[in-house]
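Everything below concerns the one structure shown next.
In our numbering, the protein residues as written are 161 to 577.
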């Protein structure tokens, strides 16, 4: 009997383990880093999720419980349940049904509004970590920047570490302007020191995401986005692109090292020395080579970075001779390019009206010999501010008139020149 009893118990225990096996398989691939982060911003974001979920469960759980209770209480077989076919209203029940959800919605709204501002990725950090309020909470943003720049610990712990991020196809470029170095697919930062990421993309939209550090921030070509964050625990964390960007997207991953001040300085020295991962300096030529699409790129180190390299990437003018976006929008001249702005290129030797320092308002972008000698349609002189007149075919109107009428419905008619 004893042997039979032991065998029965063994079978029962085995069944329990087999029943738990599917659950173990389902949860084995889960990574709980989002719910157990190592950076203060990610911790606050996690708390926001938990608080919001808890507030919503205050409605969901009672509703589910009452649904089950009423289904059981007023089932057909329960003859003891009170039958009131003419009942239609209860003030207390109405207050309960509408009052509690309204209060929860107000609480969620207030929490969302304050968190949206306090966790704004562009906002300088108000603290390093919860138990060390090195920077005062609820301080104006300008004062926060001053406090951070002043520093409050070894190696300027309060001064943000500037990291410029470029999303390439399909790899990540990190530039440290303060140290004059750059890396590919490897990132490091001191523990408890604010980090200010400035991010852009070389070609398509991407998303920069280190779950242990902070929420994801998009990177876009020709634009710059910002993320302020801090890592509070030493460790080797995963970073990746959370936005599909093409064939090599799955391999667009990097490692983020949270280290001590001494460990960070040693890492900087290692990058400057290069070793087997050395790629020389990062300049226009080497960047253009790096920018070419490639997959599963190993870590690379650049021991020097050309001045304003990140700015050139943002303005999409790394390629020599290409006009930068700021010069286009400014519309002025830069270097040897007399048409660096949005002005149309010159015609007939570049002597059109667009090359003069002062252009007549509304002037056609044509040289004099391109205007011809035919009659033009001219606008009434009282709406002109360039010395024109209303005389038909007047030569003084030829720099702002058209060869054909273009009066639109509801607009002022033009006179035939």
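Positions of the beta carbon are idealized from the N, C-alpha and C atoms, including for glycine.
So, are the CB atoms of residue i and residue j less than 8 Å apart?
i	j	result
residue 442	residue 342	yes
residue 473	residue 360	yes
residue 459	residue 326	no
residue 464	residue 269	no
residue 211	residue 271	yes
residue 462	residue 440	yes
residue 369	residue 399	yes
Let me make sure I understand the geometry here. Which of the options has the alpha-carbon closest to that of residue i?
i	options	result
residue 199	261, 446, 418 and 405	418
residue 488	479, 444 and 475	475
residue 477	390, 381 and 208	381
residue 262	219, 204, 210 and 223	219
residue 485	252, 421 and 383	383
residue 209	279, 328, 230 and 244	279
residue 290	448, 451 and 390	390
residue 354	259, 282, 244 and 228	282
residue 424	457, 223, 245 and 347	347
residue 468	422, 335, 401 and 258	335
residue 449	479, 421, 229 and 253	479
residue 223	257, 245 and 213	257
Rounding to the nearest angstrom, what Cα-Cα distance links residue i and residue j in this structure?
i	j	result
residue 414	residue 255	54 Å
residue 504	residue 470	Here residue 504 scores only 43 on pLDDT, less than 50, and its place in the model is too uncertain to base an answer on.
residue 274	residue 395	31 Å
residue 374	residue 201	5 Å
residue 493	residue 445	Here the model assigns residue 493 a pLDDT of 47, short of 50, so the residue's position is not dependable, and the following value carries that caveat. Answer to the nearest angstrom: the Cα atoms are 25 Å apart.
residue 238	residue 215	34 Å
residue 226	residue 242	17 Å
residue 248	residue 403	52 Å
residue 205	residue 277	12 Å
residue 352	residue 427	17 Å
residue 483	residue 393	44 Å
residue 358	residue 267	34 Å
residue 416	residue 203	17 Å
residue 236	residue 195	45 Å
residue 259	residue 376	36 Å
residue 397	residue 447	26 Å
residue 253	residue 213	25 Å
residue 207	residue 246	47 Å
residue 401	residue 197	18 Å
residue 229	residue 244	17 Å
residue 453	residue 422	35 Å
Leaving out five residues on either side along the sequence, give the residues of the same chain with a beta carbon under 6 Å from the beta carbon of residue i.
i	result
residue 455	330, 408 and 411
residue 193	371 and 372
residue 405	364 and 366
residue 356	320, 322 and 388
residue 296	Per-residue confidence for residue 296 stands at a pLDDT of 39, beneath the threshold of 50, marking its modelled position as unreliable; the derived number appears in the next sentence. The answer is none, since no qualifying residue turns up.
residue 332	345 and 414
residue 438	461
residue 251	none
With a threshold of 7 Å on Cβ separation, who are the neighbours of residue i within its own chain once the five nearest residues in sequence on each side are excluded?
i	result
residue 234	241
residue 451	328 and 362
residue 231	none
residue 457	331, 344 and 345
Grab me the residues of residue i's own chain with a C-beta within less than 8 Å of its C-beta, minus the 5 sequence neighbours each way, in chain order.
i	result
residue 264	215, 216, 218 and 219
residue 337	322, 324, 465 and 470
residue 221	none
residue 420	350, 351 and 394
residue 430	461
Hey, does residue i have any beta-carbon neighbour from chain D nearer than 8 Å?
i	result
residue 222	The structure shown has no chain D; it contains just one protein chain.
Worksheet item: Quick check: the stretch 428–437 against the stretch 404–413, are there 3 or more CB pairs under 8 Å?
Response: Because the criterion of three Cβ pairs below 8 Å is not met, the stretch 428–437 and the stretch 404–413 do not touch.
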